[in-house]
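For reference, the structure is listed below as structure tokens.
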Amino acid sequence: MFKLVICDLDGFLLEGVYFSDYLEKEHGVSHAEFLSVLRGEVMSALAANKPSFPIWEPHLATWGLKIGGDEFFKLWFEKEGTKEVVANFEIAKKLKTQAGLAVVLSDNFMERAAWVRQSFPSLQMFDKLYFSSETGFTKATEEAFKKVMQDYNVQPQDVLFIDDDKTSVELAAALGIKGVVYKTTEQLKADLTGLGLNMQ
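Here this note's numbering is used: position 184 in the sequence shown is 179, and no number is missing along the way.
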């Protein structure tokens, strides 16, 4: 029986559209250019536990977006249209009941992490929200998982991890954590049932 469940946030508990779609359509900024900043410079800021807007600001000027930080992130989060995946929250509740502990592990920059905490009170069902901008560790590192296990004094075999990103699941598995790649709610239920968990 698992003692701790780790859930991914975006792509599992929350879903929306990509802000990069809006930037490409309205401002001619390619997906590749936007992602090179998000996954490059901004991810470096995540590890350093710093606000991300100073990184975005010079790029916004280049892209013709002459707006401040608050306005930029308001635009971003509105265009994403992020909402809860209710069925997956229900799965998380069932898993927490059976395991006893459930947390969220998410790669998010500081401004979005704060917005998520404020915008989705349903996340309070989790024992803790681990954001990379706060811990200094992304899911691309073993340290992100080790920190959670250390905080709750559990061993890898006691942990279940759910993420829509196969690479993250494979990294967790390399540590001895049981991982399930989320594709659809029904597929996830079937996989969890196969692990002996009650999804009824």
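For glycine and all other residues, C-beta sits at the position ideal for the given N, C-alpha and C. Quick caveat: nothing in here was measured; it's all calculated off a predicted structure.
Check: Below 8 Å on the Cβ atoms is my guess for G131 versus A56; work out the distance and round it to an integer in Å.; Outcome: About 29 Å; that fails the 8 Å criterion.
Check: Using the beta-carbon count (16 or more within 10 Å), is T133 buried or exposed?; Outcome: buried
Check: Starting from the C-beta of E75, find all residues in its chain whose C-beta is less than 7 Å away, skip the five residues before and the five after it, and write them out in chain order.; Outcome: G11, V12 and F14
Check: Would you kindly check if the distance between the Cβ of F(-3) and the Cβ of L155 is under 8 Å?; Outcome: yes
Check: Answer yes if the stretch 159 to 171 comes into contact with the stretch 28 to 37, meaning at least three C-beta pairs across the two stretches below 8 Å, and no otherwise.; Outcome: no
Check: Provide the residue(s) that pair with Y125 in DSSP beta bridges, ordered along the chain.; Outcome: L100
Check: So what's D16 in DSSP terms, helix, strand or just coil?; Outcome: helix
Check: Starting from the C-beta of D159, find all residues in its chain whose C-beta is less than 8 Å away, skip the five residues before and the five after it, and write them out in chain order.; Outcome: D3, G6, F7, V176, Y177 and K178
Check: Rank L192, F115, S25 and F68 by C-alpha distance to the C-alpha of P46 and give the top, closest one.; Outcome: F68
Check: Quick check on the burial criterion: 16 or more other C-beta atoms within 10 angstroms. Buried or exposed for A82?; Outcome: exposed
Check: Compute the Euclidean distance between the alpha carbons of E19 and G59, then round it to the nearest angstrom.; Outcome: 12 Å
Check: Along the chain, where does the beta strand (DSSP E) containing V37 start, and where does it finish?; Outcome: Careful: V37 lies outside any beta strand (DSSP E) and carries neither H nor E.
Check: In whole angstroms, what is the alpha-carbon distance linking L187 and L9?; Outcome: 20 Å
Check: Report, in whole angstroms, the separation of the C-beta atoms of F84 and S117, which I expect to be a contact under 8 Å.; Outcome: 6 Å
Check: The alpha helix (DSSP H) with K173 in it runs from where to where?; Outcome: Element bounds for K173: not the alpha helix (DSSP H) but the beta strand (DSSP E), K173 to V176.
Check: With 16 other CB atoms within 10 Å as the buried threshold, where does G171 fall?; Outcome: exposed
Check: Span of the beta strand (DSSP E) holding I157?; Outcome: V154 to D158
Check: Put K(-2) into one of helix, strand or coil per three-state DSSP.; Outcome: coil
Check: Assign D102 to buried or exposed, taking buried as 16 or more other Cβ atoms, counted over all protein chains shown, within 10 Å of its Cβ.; Outcome: buried
Check: Between which two residues does the alpha helix (DSSP H) harbouring T77 extend?; Outcome: Element bounds for T77: n/a, residue is neither H nor E.
Check: Using the DSSP secondary-structure output, state which residues sit across from E10 in a beta bridge.; Outcome: K78
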